[in-house]
Amino acid sequence: MAERSRHGRPFAAPANEHTSSQADDDVEERVRGRLRQLRDERGLTLAEVAFAAGMATSTLSRLETGARRLTLAHLPALARALGIATDELVAAPRRAVAPDRSPWTTADGVTFVPLTEPGDGPRVCRLLLPAGLHHPAPKTHEGHQRLHVIDGRLRLVLGGKEQILAPGDSTEFSTWLPHCSSAVEEPVELLVIFDPLHTRG
Numbered sequence: 002m003a004e005r006s007r008h009g010r011p012f013a014a015p016a017n018e019h020t021s022s023q024a025d026d027d028v029e030e031r032v033r034g035r036l037r038q039l040r041d042e043r044g045l046t047l048a049e050v051a052f053a054a055g056m057a058t059s060t061l062s063r064l065e066t067g068a069r070r071l072t073l074a075h076l077p078a079l080a081r082a083l084g085i086a087t088d089e090l091v092a093a094p095r096r097a098v099a100p101d102r103s104p105w106t107t108a109d110g111v112t113f114v115p116l117t118e119p120g121d122g123p124r125v126c127r128l129l130l131p132a133g134l135h136h137p138a139p140k141t142h143e144g145h146q147r148l149h150v151i152d153g154r155l156r157l158v159l160g161g162k163e164q165i166l167a168p169g170d171s172t173e174f175s176t177w178l179p180h181c182s183s184a185v186e187e188p189v190e191l192l193v194i195f196d197p198l199h200t201r202g
């Protein structure tokens with residue numbers, strides 16, 4: 002079974018220290034390249050991916066540039082944030098087809114911009130709520146949701162309790178809890194991560 006070295010090299014255990022060290026560096030650089038490639042393909046900022054991965058924007062920036070060492074522990078969260086399997090981050094770079102990010106708008110004017118491929122895993126999208134939208138009725142459904150306010154102020158009602166979220170604010174909740182949201186005075190832009198299969202332990 003492979004061991005991590007005392008320097009935290011994440012991807013292999015050396016049989017020949019010099020050769021394996023170079024191989025580790027090559028794999029790590031490949032992962033950095035894939036991370037940047039996938040983020041660019043999806044039109045995501047560092048802040049948006051960092052939020053979805055549950056890490057600081059500065060940490061993600063240092064991981065991408067090589068100022069901080071990538072480890073195996075970073076990969077699952079980064080992969081989830083990008084809507085892919087963990088092994089796709091380690092795969093050799095390829096010319097990938099970007100997911101269809103064509104926006105679509107509901108009858109009441111809410112615009113969705115998908116940022117990940119359709120599937121059973123976490124879904125990431127930008128959500129644009131128009132000003133003056135009638136406060137919708139609370140709803141419940143399976144899953145778990147995280148959201149981050151990019152612009153505007155959001156009125157969020159969870160379990161009958163109202164809160165106002167400003168730009169830069171984030172929150173998460175089980176979607177089994179009755180919830181609804183609307184813009185406060187001006188249009189609101191959100192980053193939303195919805196996991197339909199999420200369960201609380």
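Count along the sequence shown starting at 1, add 1, and that's the number in the working numbering.
By construction, the Cβ of each residue, glycine as well, lies at the ideal position given by its N, Cα and C atoms.
The structure displayed is predicted, hence computed values, not measured ones.
Cutting at 7 Å between CB atoms, please list the residues of its own chain near residue i, excluding the five before and the five after it.
i: T58; result: L47, A48, A51
i: E190; result: R127, L129, I151, D152, G153
i: R37; result: E65
Determine the extent of the alpha helix (DSSP H) in which residue i is found, giving its start and end residues.
i: A132; result: A132 -> no alpha helix (DSSP H), and no H or E assigned at all.
i: L73; result: Looking at the DSSP string, L73 is not in any alpha helix (DSSP H), and its letter there is neither H nor E.
i: E187; result: Unbroken run through E187: none, as it is neither H nor E.
i: S62; result: 58 to 66
In angstroms, rounded to a whole number, what distance separates the CA positions of residue i and residue j?
i: T107; j: P115; result: 14 Å
i: P137; j: S182; result: 7 Å
i: L79; j: V32; result: 11 Å
i: G144; j: F113; result: 18 Å
i: Q23; j: S175; result: Only weak support exists for where Q23 lies, its pLDDT of 49 falling under 50; the coordinates are left without a value.
i: V111; j: P188; result: 10 Å
i: V185; j: A167; result: 10 Å
i: L192; j: D170; result: 11 Å
i: A74; j: A54; result: 12 Å
i: L134; j: R156; result: 11 Å
i: L198; j: M56; result: 22 Å
Run through the DSSP bridge pairs and tell me what residue i is partnered with.
i: P115; result: C126
i: H142; result: DSSP lists no partner for H142.
i: W105; result: F113
i: V50; result: BP columns for V50 are empty, so no partner.
i: I194; result: V125, R147
On the DSSP letters alone, give me the boundaries of the beta strand (DSSP E) that residue i sits inside.
i: S183; result: 180 to 184
i: L45; result: Run containing L45: none; DSSP gives neither H nor E here.
Which same chain residues end up closer than 6 Å to residue i when comparing Cβ atoms and leaving out the 5 residues on each side of it in sequence?
i: R63; result: R69
i: E29; result: L71
i: P123; result: R81, I194, D196
i: L76; result: T87, L90
i: T141; result: W177, P179
i: I85; result: none
i: E173; result: R147
i: W105; result: F113
i: L83; result: L39
Ignore the nearest five residues each way along the sequence and tell me which others in residue i's own chain have a CB closer than 8 Å to its CB.
i: G160; result: L178, P179, H180
- Task: Jot down the residue ranges of each uninterrupted alpha helix (DSSP H) in the stretch 143 to 172, minimum 4 residues, whole runs only, in chain order.
- Result: none
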